[in-house]
Structure formats: structure tokens, C-alpha cells
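Note sheet for the following structure.
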Ligand SMILES: [Zn+2]
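Here you go:
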């Protein structure tokens, strides 16, 4: 109870990386009463970030028996104890702004619980519109206009992914220090609006990194292999579960070197670059989902959780034409 009371003297929240705090939190006043206490809209402060970015929300608390859980645009944000020794004690939530979240101001509600008591903190989050590029792609007709059989296959594959990702690890598996899976040329930009054979399609929900066939692909962080696939669009792919609703994806591989359920370490080689699925050349499609939000995977490398892990595997110098990346897991 003492710990929860200490939240009445909330210090200014940590600035979120890739985001701007445009207002400072007010100090909370009043006595801790049994039951739930709510604060006014935006009373704890304001965050702002562009579509596809990641906000780091810090809630100071000195008692580990408190649990914290956030809700943003209907998505659940799981908070965890701040792993950084140099930072004040507290909980951190990674709030992913989906590439298609509606621009405007939305509430982030964080509920703190300790035994029978709870307290609701209210942050205001401004989602800013990102100017995504428009990409025109030309692909074989049967990769864009799906016949009935392929459409049925795609739907089954989508279900398989949805089911697998519905149950994630309930603890944080990742450690400070994220790894770029392949160090190569970014050939397909996150969020770009895709026009395939003249038809508008879903935006690109990851980054494409062009690299020669067979280039090793490293896991961005510690986790568990949730699912390995060989799907129509994503080709040979890996879904890594990093815990608390955080997944990273690696698609169009030529080889998958891990098995479902296998524990992997940051930097571990999990596969090799290929052009399987819908792709016109060898590249890695790297994607990240945070509590259901599709975010730019490169935002991970900028997070204020740095470690001593070695960075990306260096792609060997290509002697062939640069890969033209593409390939989205959805049409
Ligand atoms: Zn891609």
C-alpha cells in the first residue's frame, strides 16, 4: 500500500524515445482510498509519436508487488519492471503506434493494482500522421490476383498465424540490446503504400533488407520460436515471441534453422536470406508487432534499452545485382 501511495508523488515520466512529451504530468493529490481511483484525461502527461513509432511509457513505482497494465485504442499494453539499473524503479510499457492508427489524440489508460486496490492513470497520446511513400510494384499476375484455391490457402495461413500469436509468453524474454538481423540495404520501406500491378494493396508492414541469397539472419533479441511457416506470401518465415505481446518476424528465407518452441538468443542465426513466397529477389522482410500494433522494426534499435550484444551479421559484399526487395505477408 505504501508503494502505491508513493505514486501520489509521481515524478515526471521518462521521455519516450521517438516521441515528444508536450506536457508534464501533474502531481497526484489526495488520499489513497479503497477501490479504484481515476484521474482526469491526460492528467499524467502527454505523449506524441508518428504512425509506426514506439513510445516508452514509464510509471514510477518502488514496489514490485504492483502490477501495471495499459489500454490504448483497444489494445492491451503489458507493463514490465524497468530492467535498467541506472533508472529509477518503476514499470515500463512499450506502446506501439500502428501504421494505420487514426491520427489525433487518444487516451492511454494505465491501471495499477496492488492487492484489492487499484489506481487508474490517464495519459494523452497524440498520434501524428506519417508520410508514407508510395511504391509501385510489378509482380507475376498470379501473385497479385489470387485464384480461389490460393485465396483459401492464404486465409488458412492467416488463421494459423492469428492462433499462434494469440497466446504469448507472459514474461519479458528480451534483454536490453537489440540486433539488426541483417546489415544490408533497405529496399522496401516500412509503411509504404503499395500499388501492385496498378492495384492498391495493404501497406508494407515491415522493412525489406536486400542481401545476397544465404546471408545469415540473426534474431533481434532473446525469445522463443513461436511459429515457423512456409506461406504463400511470406514464404519460409519465423515468428519469434519476445514476451508480453512483442513479436518479431523474418520472411522470405531460403532456410529456417530453428524449430517451433526453440529458445533463441539475441544475435543467434535463425535462418538465411532467400526469395521464398512473394518476392522478386533475395531479401529479408523484417517485421515487428507490439501488442498488436505493426511498428517499424528499426524503432527497436533506437529504444533506450541498450546492451552489450554484438550488432547485425554483416552481409557479404554482393557481386550480383542489388536485390529488389518486396514481399508483404498480405496481398
Ligand atoms: Zn517486405
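Residue numbers (our numbering): 78 to 408. C-beta atoms are modelled at their ideal positions from N, C-alpha and C, and glycine is treated no differently.
Kindly examine ligand 1 and report whether one of its heavy atoms sits closer than 7 Å to the Cβ of residue i.
i           : result
residue 281 : yes
residue 362 : yes
residue 265 : yes
residue 159 : no
residue 285 : yes
Since I believe residue j is in contact with residue i (beta carbons under 8 Å), could you give me their beta-carbon distance rounded to a whole number of angstroms?
i           : j           : result
residue 234 : residue 328 : Actually they are not in contact, since the Cβ atoms of residue 234 and residue 328 sit about 12 Å apart, beyond 8 Å.
residue 362 : residue 283 : 5 Å
residue 332 : residue 351 : 7 Å
Could you tell me if residue i is buried or exposed, where buried requires 16 or more neighbouring beta carbons within 10 angstroms of its beta carbon?
i           : result
residue 325 : buried
residue 318 : buried
residue 162 : exposed
residue 211 : exposed
residue 182 : exposed
residue 237 : exposed
residue 118 : exposed
residue 305 : buried
residue 259 : buried
residue 330 : buried
residue 280 : buried
residue 247 : exposed
residue 414 : Nothing about residue 414 can be reported from this structure: the residues present for the chain run from 78 to 408 only.
residue 243 : exposed
residue 115 : exposed
Quick one: residues in its chain with C-beta nearer than 8 Å to the C-beta of residue i, no 5 flanking neighbours on either side, listed in chain order?
i           : result
residue 240 : none
residue 178 : 128, 150, 204, 370
residue 253 : 160, 161, 382, 383, 384
residue 337 : 302, 303, 304, 305
residue 221 : 273, 274, 276, 278, 408
residue 100 : The pLDDT assigned to residue 100 is 31, lower than 50, so where the model puts this residue is not dependable, and the model offers no usable value.
Which same chain residues, not among the five before or five after residue i, have their C-beta less than 7 Å away from its C-beta?
i           : result
residue 213 : 272
residue 152 : 368, 369, 370
residue 173 : 131, 367, 368, 370, 372
residue 201 : 118, 119, 123, 182, 184
residue 354 : 308, 309, 310, 311, 312, 328, 329, 404
Within the same chain, show all residues whose beta-carbon is closer than 6 Å to that of residue i, passing over the 5 residues directly before and after it, in chain order.
i           : result
residue 251 : 298, 299, 319
residue 209 : 268, 269, 270
residue 255 : 297, 298, 377, 378
residue 345 : 296
residue 148 : 186
residue 146 : 188
residue 245 : 318, 322
Is the Cβ of residue i closer than 8 Å to any Cβ of chain C?
i           : result
residue 285 : No chain C appears in the structure shown, which is made up of a single protein chain.
Runs of beta strand (DSSP E) wholly within the segment 188-234 (minimum 3 residues, chain order):
194-205, 211-214
Scan the segment 327-389 and note each continuous beta strand (DSSP E) run of 3 residues or more that stays entirely inside, going in chain order.
346-350, 360-367, 370-372
At which residue ranges does the segment 228-285 contain complete beta strand (DSSP E) runs of 3 or more residues, listed in the order of the chain?
262-265, 270-273, 276-278
Every unbroken beta strand (DSSP E) within the segment 126-153, with a cutoff of 3 residues, ordered by chain:
131-137, 144-149
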